[in-house]
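Residue numbers (the numbering used here): 69 to 249.
Don't be surprised by glycine CBs; every beta carbon is placed ideally from N, CA and C.
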């Protein structure tokens with residue numbers, strides 16, 4: 069070996085022996101970074117996750133007179149220009165989410181909180197002004213188009229009837245949409 073390579077080797081040994089072998093990652097630094105990432109992930113899920121309405125009302129059917137099926141009854145006084153979200157437990161034990169709204173044209177409307185395009189993501193819709201917005205793709209749909217425009221990413225409209233001061237939705241209609249959830 070040459071004298072020069074001997075000196076380099078000696079210098080490296082001295083640096084290593086004194087802990088100056090370069091930047092060193094310590095276990096407590098790794099734990100600190102992982103802890104910070106975990107906290108950030110939890111904050112994201114709590115605040116920036118799918119923008120679902122936090123107020124979901126569970127509903128149960130009211131039996132129809134002589135048939136085995138029933139209907140969901142929602143007082144019209146609860147239906148305003150702000151979408152109200154409900155959850156129905158289907159026979160398959162799936163929770164079928166839907167919303168009702170009195171649209172800008174004054175019509176009472178109902179739709180599944182899912183569409184036939186993005187339903188696999190289970191993200192549903194939220195409301196921005198007079199529009200319902202898909203939480204997956206961000207497309208906007210005017211409230212007056214619910215139950216009128218079908219297919220694609222439009223909210224999956226649910227047939228409904230008005231009887232006195234109640235909006236009625238047949239449980240068979242909700243059962244038929246359980247596959248979206």
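From residue i to residue j, what distance separates their C-alpha atoms?
| i | j | result |
| --- | --- | --- |
| residue 230 | residue 104 | 52 Å |
| residue 93 | residue 83 | 17 Å |
| residue 220 | residue 99 | 46 Å |
| residue 184 | residue 95 | 48 Å |
| residue 170 | residue 236 | 14 Å |
| residue 249 | residue 146 | 25 Å |
| residue 198 | residue 160 | 33 Å |
| residue 182 | residue 234 | 24 Å |
| residue 244 | residue 155 | 14 Å |
| residue 140 | residue 168 | 12 Å |
| residue 149 | residue 228 | 17 Å |
| residue 200 | residue 175 | 15 Å |
| residue 247 | residue 204 | 18 Å |
| residue 239 | residue 207 | 28 Å |
| residue 191 | residue 232 | 33 Å |
Identify the continuous beta strand (DSSP E) that holds residue i and give its terminal residues.
| i | result |
| --- | --- |
| residue 155 | 152-157 |
| residue 231 | 229-231 |
| residue 202 | 199-202 |
| residue 139 | 138-143 |
| residue 195 | 193-196 |
| residue 223 | No beta strand (DSSP E) contains residue 223, which DSSP labels as neither H nor E. |
| residue 188 | Careful: residue 188 lies outside any beta strand (DSSP E) and carries neither H nor E. |
| residue 168 | 163-170 |
Determine the contact status of residue i and residue j, defining contact as a CB-CB distance below 8 Å.
| i | j | result |
| --- | --- | --- |
| residue 151 | residue 225 | no |
| residue 279 | residue 177 | The shown model of the chain, from 69 to 249, leaves out residue 279, and the question about it has no answer. |
| residue 158 | residue 102 | no |
Please classify residue i: is it buried, with 16 or more other beta-carbons within 10 angstroms of its beta-carbon, or exposed?
| i | result |
| --- | --- |
| residue 217 | exposed |
| residue 80 | exposed |
| residue 223 | buried |
| residue 211 | buried |
| residue 163 | exposed |
| residue 186 | buried |
| residue 78 | exposed |
Terminal residues of the continuous alpha helix (DSSP H) containing residue i?
| i | result |
| --- | --- |
| residue 243 | 239-244 |
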